[in-house]
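There are 2 protein chains.
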Amino acid sequence: MARHDVPGDRPAEQPPDAGRDRRELIRLAAVELFARHGYRGTTVRAIAERAGVDPALVMYHYGSKENVFSTVIRETMRAEELLPELPRLLDEVADTDSADDPAADGTCPGGPGSRLLRGFLTRWEDAATRPSLLVVFRSAMEHPEASQLFREVAGGELLLPLARRIPAPDPELRAALVASLLVGLVTGRYVVPIEPLAGMELDTVVGLYGPYADDMLLGRLGGSPPPGRPGA
Amino acid sequence: MARHDVPGDRPAEQPPDAGRDRRELIRLAAVELFARHGYRGTTVRAIAERAGVDPALVMYHYGSKENVFSTVIRETMRAEELLPELPRLLDEVADTDSADDPAADGTCPGGPGSRLLRGFLTRWEDAATRPSLLVVFRSAMEHPEASQLFREVAGGELLLPLARRIPAPDPELRAALVASLLVGLVTGRYVVPIEPLAGMELDTVVGLYGPYADDMLLGRLGGSPPPGRPGA
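Laid out in structure tokens, this is it:
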């Protein structure tokens, strides 16, 4: 909004990467506004104001509000951004023989499902990442076009690579189960926070949900608890 | 929008419950529009048009768009509407000794957690109920005031009564875990539908998620799979 930020003011002085910087500035402003006001409640004019640029520059870089939005979703959901350790975690999933292995000796705090959960939750815990995750999450619930985009990106970047590595029957179903567990957990902890989920330590959360994630990834689906399992 | 539906046209002919009928007509129109356009995308004028009444009548019955909205949430989430069998299901939860009981002999398809899930999902399967559930769900994600209202109503109507009946340690945590499982499942099946969750038979879904719900309600929380549990 500062006068000297209006584009075209000092074109001769712009360093070579000014365009990229402005584009990123606009994206960050959009994340902030989408997070606060939703997709429908955010206008190109508001994004421009927040970024301190002219609305024409938003249109120049993105073409439309829809495109700003899909860029936010795509960049937030890029696996290497969202979970840089995903390839390693997927290797762990692929290398695990059965759900019994990771925890059977009592020394390991959880299997690959637990570690996947921990990786995603760590990103949600991060104040720098959470706003764009919230945007993606809320908008995917809010309107069908965003749902479709979310489904495509999440499917291609996360679910499909995961399903391909699961060494157990019904891998797509298992990937979907783990995804739904994570969605429910993220909702109760960050989106519509309820206690005690919202206030618990990350380790406690992983300890609670991890065994279910491990079981969904590699256990016996729909299995009733085996006889002798300790009750409450 | 039909001319004869405008209020005040035939005041002398109105039957005694015409006011209640109009109020309900407005609520149903609001559910439809909130479901399609979200809270922000819906105006009092649009609700009035859809209901075939004057906007003044919407204001007369509800006072504001916010009030129409909170009525929709409250009426949708009323336990006796949402899950008339809740008292019976809660009795089952309270009467269960441990998670082993329901399924240990292999004759019963699931414990009280499974039956709670089935009850809620049955409402989501119903084409008459799903639109208002979607409104509640989406708006709770969309903006903080709706989240707050959702948390209050869901907490008071469903989570608290459930927690009170759970005969196991950490009942509030267990109620929150089951709620988050249900939220994730509903999201993957109805809100941002992904396959194979969206296309599966209800029985299959209950068979898959039920054991986790039973375990969350009554099992050993954070328990690692016991040795000897069959792997995939």
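For the protein sequence lines, the chains are D and L, in the order given.
Per UniProt numbering, residue 1 is the first one in the first sequence, and the count goes up by one each step.
Per UniProt numbering, residue 1 is the first one in the second sequence, and the count goes up by one each step.
By construction, the Cβ of each residue, glycine as well, lies at the ideal position given by its N, Cα and C atoms.
Small disclaimer: the values here were computed from a predicted structure and weren't measured.
Rounded C-alpha distance that separates L/Ala94 from L/Arg88
10 Å
Looking only at its own chain, which residues have a Cβ that is under 7 Å from the Cβ of L/Leu181, when we skip the five neighbours before and after it?
Tyr209, Tyr212, Ala213 and Met216
Taking Cβ positions only, does L/Ala2 come closer than 9 Å to chain D?
Because the pLDDT of L/Ala2 is 44, which lies under 50, any placement of that residue in the model is unreliable, and the question is left without a value.
How far does the alpha helix (DSSP H) with D/Glu32 in it extend, from its first residue to its last?
Ala18 to His37
Using DSSP with H/G/I as helix, E/B as strand and the rest coil, what is L/Pro193?
coil
Counting only Cβ pairs nearer than 7 Å, list the residues of chain B close to D/Tyr212.
Checking the listed chains, one finds no chain B in this structure; the protein chains it contains are D and L.
Nearest-angstrom Cα distance between L/Glu142 and D/Arg138?
6 Å
Using a Cβ cut-off of 9 Å (strictly closer), state whether L/Leu89 contacts chain D.
no
With a threshold of 9 Å between beta-carbons, can D/Ile194 be considered close to chain L, or not?
yes
If you measure between the beta carbons of D/Glu157 and D/Ala163, is that distance less than 9 Å?
no
Inter-residue CB distance, L/Ala51 and L/Ala29 (contact presumed, cutoff 8 Å)
4 Å
Quick check on the burial criterion: 16 or more other C-beta atoms within 10 angstroms. Buried or exposed for D/Gly199?
exposed
Buried/exposed call for D/Ser64, threshold 16 Cβ in 10 Å
exposed
Three or more C-beta pairs under 8 Å: does that hold for the segment 127 to 138 of chain L against the segment 22 to 38 of chain L?
yes
Does the beta carbon of L/Gly156 sit closer than 9 Å to a beta carbon anywhere in chain D?
no
Does L/Glu142 get closer than 9 Å to chain D when you measure Cβ to Cβ?
yes
Starting from the beta carbon of L/Thr43, find every residue of chain D whose beta carbon is closer than 7 Å, and list them in chain order.
Neighbours of L/Thr43 on chain D: none; closest Cβ ~12 Å, over 7 Å.
Just curious, the alpha helix (DSSP H) that L/Leu221 is in, first and last residue?
L/Leu221 -> no alpha helix (DSSP H), and no H or E assigned at all.
Residues of the segment 127 to 152 of chain D whose Cβ lies closer than 8 Å to any Cβ of chain L, in chain order
Phe137, Arg138, Ala140, Met141, Glu142, His143, Ser147, Phe150 and Arg151
Any beta carbon of chain L sitting closer than 9 Å to that of D/Leu208?
yes
Spell out whether any CB of chain L is found under 9 Å from the CB atom of D/Glu172.
yes
N- and C-terminal bounds of the alpha helix (DSSP H) containing D/Pro84:
Element bounds for D/Pro84: n/a, residue is neither H nor E.
For the alpha helix (DSSP H) containing D/His143, list its first residue and its last residue.
From DSSP, D/His143 is part of no alpha helix (DSSP H); its letter is neither H nor E.
Please tell me whether D/Leu177 has its Cβ less than 9 Å away from any Cβ of chain L.
yes
Enumerate in chain order the residues of its own chain whose CB-to-CB distance from L/Arg74 is below 7 Å, with the five nearest sequence positions on each side excluded.
Val153
Can you tell me the Cα-Cα spacing of D/Phe69 and D/Arg151, whole angstroms?
15 Å
What's the C-alpha gap between L/Val183 and D/Gly184?
5 Å
Output yes if chain L places a C-beta closer than 9 Å to the C-beta of D/Val183; else output no.
yes
Does D/Leu221 get closer than 9 Å to chain L when you measure Cβ to Cβ?
yes
Closer than 8 Å: L/Ala154 CB and nearest the ligand SAM heavy atom
As far as ligands go, the structure on display features none, and thus does not contain the ligand SAM.
Inspect the beta-carbon positions of D/Glu201 and L/Ala176 and report whether they are closer than 9 Å.
no
Taking the alpha carbon of L/Val191 as the reference point, which residue from L/Leu149, L/Trp124 and L/Glu145 has its own alpha carbon closest?
L/Trp124
From D/Leu82, D/Met77 and D/Arg22, pick the residue whose C-alpha is nearest to that of D/Val58; which is it?
D/Arg22
What is the C-beta distance between D/Val186 and D/Val135, in whole angstroms, given that I count them as a contact (C-beta under 8 Å)?
That pair is no contact at about 13 Å.
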